[in-house]
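Residue numbers (the numbering used here): 78 to 365.
Virtual Cβ for every residue (Gly too), placed ideally from N, Cα, C.
Before any comments, here is the structure.
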Amino acid sequence: MIFFGCKPSVNDEGASQVQVREVQVPDASIEEEEKGVEVMSENNPIARINTNMGEIVIELYEDAAPNTVANFVSLAESGFYKDVIFHRIIKGFMAQGGDPTGTGTGGPGYRFADEINAIALGLDKEKEIGQSQMQAAQREVFQKYGVDSQEKLNELVAEIGEEKLMKEIMDAANALATGESKMDGLVSDGYSFDDSLPSVAVAYGTIAMANAGPNTNGSQFFINHKDNFFLNGKHTAFGMVIEGMDVIDRICNLPTDGRDRPVEDVKMQEVTIENKRDHDYTVVKIED
């Protein structure tokens, strides 16, 4: 389910709830067929996540996020992820896992820093969009199409597609935005960035770290069921599903309870790593 006027959050501190405001937009339709993705580099490690619903194969972008990849490799090879569930799934958004408690509040007992290049993601050029601008943009676009009820909104989405409608709203919001860049706003919120990293966007098929704010990464991650560019700058993307997005599709279409947890557990039975580079995968942790 996608919501306008507010965006879903991905964190690992129990407050990982979707806040619903304004008008709901029906679920995006997701193709349930295997989508092949080219490997970015033959030199990248490969993770194989074997679940009770099938295998997910991920290329780990070590150059883009070396410490994040080291963390994932280290946890996987220690058996940390064995029998850990995907505790939170939202169709058309993401599948989140990696918490050994299965509650959304657990982790490995340490934290480590984000690895994000805001300039590479274009956040220095994007304007910070506030709630008021988003709501005004939504009203502007809805007035343009004569949308004054959920029924008419559903008809509009069926006619032009959710992607086009969302783009129009975001374009209108960007036109209304004034003041600081998105990067500056994130820096004000405590985020820091590394201009040397070849960061990738939080896009469909990428794997990214869940967190509770700047530099609070641990073991939880999420695999994106859609382009989630609004999360750029806040979450480190460190790989891409190269086989098994059909498995993610099936997982994200499972029935869930009121906390977005699948009614039937989806377990990572084993996570194995192949094609590692010739060095130790030691995690640089933040000392409290």
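For the pair valine 343 and serine 151, the CB atoms are not nearer than the 9 Å cut-off. Only residues of its own chain outside the window of five on either side were considered, and among them His164 and Arg165 have a CB closer than 7 Å to the CB of arginine 338, listed in chain order.
One alpha carbon belongs to isoleucine 135, the other to phenylalanine 270, and they sit about 25 Å apart. By the criterion of a C-beta distance shorter than 6 Å, alanine 197 is surrounded in its chain by Ser276, once the five residues flanking it on both sides are discounted. Membership of glutamine 297 in any alpha helix (DSSP H) is not indicated, and neither H nor E is assigned to it by DSSP. Within 10 angstroms of the beta-carbon of aspartate 176 lie 16 or more other beta-carbons, which makes it buried. At a Cβ-Cβ threshold of 9 Å, glutamate 203 and lysine 241 do not count as neighbours. DSSP lists Asn127 as the bridge partner or partners of glutamate 132. Judged by their CB atoms, leucine 233 and glycine 310 are not nearer to each other than the 9 Å cut-off. Within the segment 275-336, the complete alpha helix (DSSP H) runs of at least 4 residues fall at 322-329. Ranked by how close their Cα comes to the Cα of lysine 303, the residues Gly156, Ala124, Tyr138 and Phe170 have Phe170 in first place.
Within the same chain, and ignoring the five residues on either side of serine 296 in sequence, the residues whose Cβ sits closer than 6 Å to its Cβ are Leu152, Gly175, Gly184 and Pro185. Straight through space, the alpha carbons of aspartate 248 and aspartate 225 are spaced by roughly 20 Å.
Of Lys168, Ala250, Thr180 and Tyr187, the smallest CA-CA separation from asparagine 148 is found for Tyr187. The three-state reading of DSSP puts arginine 216 in helix, counting H, G and I together. Sequence-distant Cβ neighbours of isoleucine 167 in its own chain, meaning closer than 6 Å and more than five residues away, are Asp337. Runs of the alpha helix (DSSP H) lying entirely within the segment 122-200, each at least 4 residues long, are 143-154 in chain order. Counting only residues of its own chain and dropping the five nearest sequence neighbours on each side, glutamate 192 has a CB closer than 8 Å to the CB of Ala141, Ala142, Pro143, Asn144, Thr145, Asp271, Leu274, Ser276, Thr313 and Phe315. The criterion of a C-beta distance shorter than 9 Å is not satisfied by glutamine 215 and isoleucine 237. Ranked by Cα distance from lysine 353, the options Leu137, Val324 and Lys221 are led by Leu137. Note: glutamate 347 is bridge-paired with Asn127 in the DSSP secondary-structure output.
Straight across, the Cα-Cα distance linking glycine 321 with asparagine 292 is about 29 Å. The bridge partners DSSP lists for lysine 204 are Ser258.
Here the alpha carbons of valine 348 and glutamate 154 stand approximately 7 Å from one another. Sixteen is the threshold: when 16 or more other Cβ atoms of the shown chains lie within 10 Å of the Cβ of isoleucine 284, as they do, the residue is buried. Within 10 angstroms of the beta-carbon of glutamine 346 lie fewer than 16 other beta-carbons, which makes it exposed. Taking 9 Å as the cut-off, the Cβ atoms of glycine 262 and glycine 290 do not count as close.
Taking the Cα of methionine 317 as reference, the smallest distance to any Cα among Lys159, Val324, Ala280 and Asn194 is reached at Ala280. Within its own chain, the residues whose Cβ lies closer than 7 Å to the Cβ of glutamine 210, once the five positions on either side in sequence are excluded, are Ala250, Leu253 and Ala254, listed in chain order.
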